[in-house]
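Here the protein sequences come in this chain order: L and G.
For the first sequence, the numbering used here assigns the number 315 to the initial residue and increments by one for each residue that follows.
For the second sequence, the numbering used here assigns the number 95 to the initial residue and increments by one for each residue that follows.
A quick write-up on the structure given underneath.
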Amino acid sequence: MSKRVPIAEGLFTWPAERPALLGSRCNNCGIASFPVAESCMACSGQDVTIEELPSRGTLWTWTIQQFMPKSPYNSGETPETFRPYGVGYLELPGGVRVEGRLTENDPEKLHIGMEMDVVFDTWRTDSNGDEIIGFFFQPSN
Amino acid sequence: MDVAIIGIGIHPFGRTPARSGLQQGAYAARLALQDAGIEWRDIEFAFGGSASAGNADALGNELGLTGIPFINVANGCATGGSSLMTAYNAIRSGAHDIGLVAGFDKHDRGAFNADPKALGLGEWYGEMGLMMTTQFFAMKIQKYMHDHGISKDTLARVAHKAFINGSLNPNAWRRSPVALEEIASSTMVSDPLTKYMFCSPSEGGVALVLCRADKAKSYCARPVYLKSAVLKSRRYGSFEVFAPSQALQQVAGPTVDASRAAFEMAGVGPKDIDVSQLQDTESGAEIMHMAENGFCEHGEQEQLIQSGATQLGGSMPINTDGGCLANGEPIGASGLRQVYENVLQLRGAAGDHQVPGNPRLAYSHVYGAPGISAVTILQR
Ligand SMILES: [Zn+2]
Numbered sequence: 315m316s317k318r319v320p321i322a323e324g325l326f327t328w329p330a331e332r333p334a335l336l337g338s339r340c341n342n343c344g345i346a347s348f349p350v351a352e353s354c355m356a357c358s359g360q361d362v363t364i365e366e367l368p369s370r371g372t373l374w375t376w377t378i379q380q381f382m383p384k385s386p387y388n389s390g391e392t393p394e395t396f397r398p399y400g401v402g403y404l405e406l407p408g409g410v411r412v413e414g415r416l417t418e419n420d421p422e423k424l425h426i427g428m429e430m431d432v433v434f435d436t437w438r439t440d441s442n443g444d445e446i447i448g449f450f451f452q453p454s455n
Numbered sequence: 095m096d097v098a099i100i101g102i103g104i105h106p107f108g109r110t111p112a113r114s115g116l117q118q119g120a121y122a123a124r125l126a127l128q129d130a131g132i133e134w135r136d137i138e139f140a141f142g143g144s145a146s147a148g149n150a151d152a153l154g155n156e157l158g159l160t161g162i163p164f165i166n167v168a169n170g171c172a173t174g175g176s177s178l179m180t181a182y183n184a185i186r187s188g189a190h191d192i193g194l195v196a197g198f199d200k201h202d203r204g205a206f207n208a209d210p211k212a213l214g215l216g217e218w219y220g221e222m223g224l225m226m227t228t229q230f231f232a233m234k235i236q237k238y239m240h241d242h243g244i245s246k247d248t249l250a251r252v253a254h255k256a257f258i259n260g261s262l263n264p265n266a267w268r269r270s271p272v273a274l275e276e277i278a279s280s281t282m283v284s285d286p287l288t289k290y291m292f293c294s295p296s297e298g299g300v301a302l303v304l305c306r307a308d309k310a311k312s313y314c315a316r317p318v319y320l321k322s323a324v325l326k327s328r329r330y331g332s333f334e335v336f337a338p339s340q341a342l343q344q345v346a347g348p349t350v351d352a353s354r355a356a357f358e359m360a361g362v363g364p365k366d367i368d369v370s371q372l373q374d375t376e377s378g379a380e381i382m383h384m385a386e387n388g389f390c391e392h393g394e395q396e397q398l399i400q401s402g403a404t405q406l407g408g409s410m411p412i413n414t415d416g417g418c419l420a421n422g423e424p425i426g427a428s429g430l431r432q433v434y435e436n437v438l439q440l441r442g443a444a445g446d447h448q449v450p451g452n453p454r455l456a457y458s459h460v461y462g463a464p465g466i467s468a469v470t471i472l473q474r
């Protein structure tokens, strides 16, 4: 029986009806971090609360990765099947700017400031046939 | 106690299959010693670094085992700047009178690949293809072009100038100019940056001999003085490479911090600088680093570069030896190459790539992952 497993524990809620990225917020200075950190990079505070980050934000900056990265890149692709992919930082209001892969790789369809949603989808299938789930940013409808 | 550079040596950058990275470092060290008119046994301490070509202190096996303290420095792209700053402080403190700083490297072809664990990041970050310095630089210049009105043509002009300067520098890797149109239309690597706008890992070695300023004239007719050497790391809120998230409120990056501190230490300002070497691992970096180092306001680069100000004969010559774009980046040697070039310029010994006007003050800047900058200011 194949399973759907998150690419890393604690990166986002899983399993969940509506998965969300998880961040930590410093109880001293109020700064949010992604992924969850035990201490605050802004003020060195160690009192943090884990919270779900917003699911919609605006694209802060982006690029297209046109060539296949070397290891540790692990997508199941080969140089022949590799498809260029978008990368960007999504500004999540009240939270933080999170870096992630974009579902869109056409530079003509990407612009700074556009609205995007955080979505969760299969990243690759591992040797057991399990689906490894990652997070992606997708243009909002 | 002030500090002087009395000897410089370089092994040509590029690819030298017949010599190991270490041998290229030794080659540079021998030239630097010869330039200073001293022997290896006269050296009291050495600092050096190499990212992919072994430990720098193995130079002892090549040059002779003299018992000196030799410290290996590893600080990414800022390795050379870090060695130099540490040597500067070792002499300023009075602990030593004369020492050697060396850097060399020999990398495989293709983009550097980084290990997430070494930087305290989750494996998922590398696995999903986010652990790429090329992406960071592309996203930083993409945002910068959007905010400050820099054109794609200006990106291409930075690389165009680099290859012209490289063609005039016998130690450069890329020795042929490349047409502007060819740069702009070459393979896209990471939008908006094309193949010719990125530097590649390469090979090379550089060494410098430093001594107390009051003894410099006994070795060298035209010593160059280190007026400042500063290294800074990122503060919370600066936009840096290898960061799964960025703060909502941005603050100035380590380049701005290092630059300000270096100018203050030297008692001069950006307008006083006659020639600069600014980290140009891709053409966008040179543009952004012009403003981050205080040489212009954000956005002014468009007009400055279009009008030729950053060319050899311009009012603000930058990367006069071809920079990383024409020399490639052997990590351990790259930052010291900038200082080597600045010493040549201040001695008036840069030959075909000499800037006119008898330069007096020279500036060098390196930036490295995950957010460090080193700046030095030299004066003749
Ligand atoms: Zn805090």
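All residues carry an ideal CB built from backbone N, CA and C; glycine is no exception.
Going along chain L, which residues have a C-beta under 9 Å from P210 of chain G? P386
For Q452 of chain L, write down the residues that DSSP places opposite it in a beta bridge. L:D431
So V97 of chain G and R269 of chain G are in contact, right, with Cβ under 8 Å, and what is the actual spacing, rounded? No, V97 of chain G and R269 of chain G are not in contact; Cβ-Cβ is about 33 Å, not under 8 Å.
Check whether the Cβ atoms of L372 of chain G and N436 of chain G lie closer than 8 Å to each other. no
Taking S177 of chain G as the reference, which of G:Q236, G:E221 and G:L302 has the closest Cα? G:L302
The stretch 238 to 258 of chain G: which residues have C-beta closer than 8 Å to a C-beta of chain L, in chain order? H240
Just list the residues that DSSP pairs T326 of chain G with in beta bridges. The displayed chain sequence assigns Lys, not Thr, to residue 326 of chain G. In DSSP, K326 of chain G forms a bridge with G:S467.
Using a cut-off of 8 Å between C-beta atoms, extract the partners of Q340 of chain G located in chain L. W374, Y403, V410, R411 and E413
With a Cβ-Cβ cutoff of 8 Å, do S144 of chain G and G193 of chain G count as a contact? no
Within 7 Å: the Cβ of N149 of chain G and any heavy atom of ligand 1? no
Under 8 Å, do Q380 of chain L and S279 of chain G count as touching if we go by C-beta distance? no
Measuring straight from C-alpha to C-alpha, what distance separates P295 of chain G and C171 of chain G? 11 Å
T377 of chain L: first and last residue of the uninterrupted beta strand (DSSP E) it sits in: R370 to Q379
Spatially closest choice to G359 of chain L from L:G344, L:S369 and L:E405, by CA coordinates: L:G344
8 Å Cβ cutoff met for S467 of chain G and A352 of chain G: yes
Can you tell me whether V369 of chain G is buried or exposed, with buried defined as 16 or more other CB within 10 angstroms of its CB? buried
So is G378 of chain G in contact with chain L if we call contact Cβ pairs under 8 Å? no
DSSP state of L372 of chain G mapped onto helix, strand, coil: strand
Using Cβ-Cβ distances below 9 Å, what residues of the stretch 272 to 291 of chain G are close to chain L? T281, M282, V283, S284, D285, P286 and L287
Spatial distance of L367 of chain L from E391 of chain L (CA atoms): 30 Å
Within 8 Å (strictly less), CB to CB, does F326 of chain L reach chain G? no
Can you tell me whether N265 of chain G is buried or exposed, with buried defined as 16 or more other CB within 10 angstroms of its CB? buried
Spell out whether any CB of chain L is found under 8 Å from the CB atom of G216 of chain G. yes
Return the chain-ordered list of same chain residues with a C-beta closer than 6 Å to the C-beta of E156 of chain G, the five sequence neighbours on each side being excluded. A120
Any beta carbon from chain A within less than 8 Å of T395 of chain L's own beta carbon? Among the chains of the structure shown, chain A does not appear; the protein chains present are L and G.
Work out the CA separation of E445 of chain L and V362 of chain G for me, nearest whole Å. 59 Å
Buried or exposed: which applies to T228 of chain G, given that a residue is buried once 16 or more other Cβ atoms fall within 10 Å of its Cβ? buried
Return the first residue and the last residue of the beta strand (DSSP E) that R332 of chain L is part of. It is not in any beta strand (DSSP E) - R332 of chain L carries neither H nor E in the DSSP assignment.
Taking D308 of chain G as the reference, give the member of G:L472, G:Y182, G:A152 and G:D191 with the closest Cα. G:D191
Run through DSSP, which three-state label would E435 of chain G get? helix
Could you tell me whether any Cβ in chain G is nearer than 8 Å to the Cβ of S389 of chain L? yes
I'd like to know if L475 of chain G contacts chain L, where contact means its C-beta is closer than 8 Å to some C-beta of that chain. Residue numbering for chain G in the displayed model covers 95 to 474; residue 475 of chain G lies beyond these limits and cannot be assessed.
Out of G:G101, G:G462, G:G408 and G:G451, state which residue places its alpha-carbon closest to the alpha-carbon of N259 of chain G. G:G408
Sequence-distant residues of the same chain with beta carbon closer than 6 Å to S316 of chain L, five excluded per side: G443 and D444
Any non-hydrogen atom of ligand 1 closer than 7 Å to A309 of chain L Cβ: Nothing in the structure corresponds to residue 309 of chain L, since chain L is present only between 315 and 455.
Just to confirm before moving on: does the CB-CB distance between L472 of chain G and L440 of chain G stay below 8 Å? yes
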